[in-house]
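Numbering (full-length UniProt numbering), first residue to last: 1 to 164. Even glycine gets a Cβ: it sits at the ideal position worked out from N, Cα and C. Owing to the predicted nature of the structure, the values given are computational and were not obtained by experimental measurement.
Structure representation (structure tokens):
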């Protein structure tokens with residue numbers, strides 16, 4: 001039997017969903033207006049930069065929690081725009097990896113300061129240091145819960161299956 005959300009839970013849930021949507025919209029607008037890239041572009045550029053070497057598409061998808069088709073389309077668009085390039089996988093001759101091009105690195109380096117300024121303006125300037133700690137604890141707790149929630153297992157299994 002379904003246990004409906006209480007009024008307090010509804011307020012928290014709706015607030016979380018509205019905040020998530022609003023942040024994605026505002027961050028996306030800033031990145032697009034200032035640098036001509038999307039939030040997805042920025043996320044991929046950041047992951048490839050952090051890896052330092054080539055990353056397999058399936059590993060990139062897993063780190064972003066994206067389905068394989070989304071990863072493939074995103075990488076193809078970014079490759080056409082000269083932001084990423086394909087390369088041979090050093091550990092598997094059949095494999096392909098993706099890495100930043102010089103244009104991708106330049107784009108990320110140009111976009112990062114404004115992106116961080118926007119994140120700070122939208123989120124962290126409104127919070128005390130104690131609230132930042134609480135936010136980190138709450139989001140970490142919820143992520144660990146979602147990672148182990150049985151109801152989400154079938155979705156995660158479908159994502160993993162699409163990546164093989």
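Residue range 39-51 is occupied by the alpha helix (DSSP H) that includes residue 46. In this structure residue 104 does not touch residue 75 by the C-beta definition: roughly 11 Å separates them, more than the 8 Å allowed. Note on residue 143: under 16 other CB atoms within 10 angstroms of its CB, so exposed under the neighbour-count rule. In the DSSP assignment, residue 85 falls within the unbroken beta strand (DSSP E) covering 84-88. Between residue 87 and residue 99, the CB-CB gap stays under 7 Å. With distances taken between CA atoms, residue 55 lies nearest to 92 out of 23, 24, 92. Residue pairing from DSSP places residue 99 in a beta bridge opposite 85.
Following the DSSP letters along the chain, one finds residue 54 in no alpha helix (DSSP H), marked with neither H nor E.
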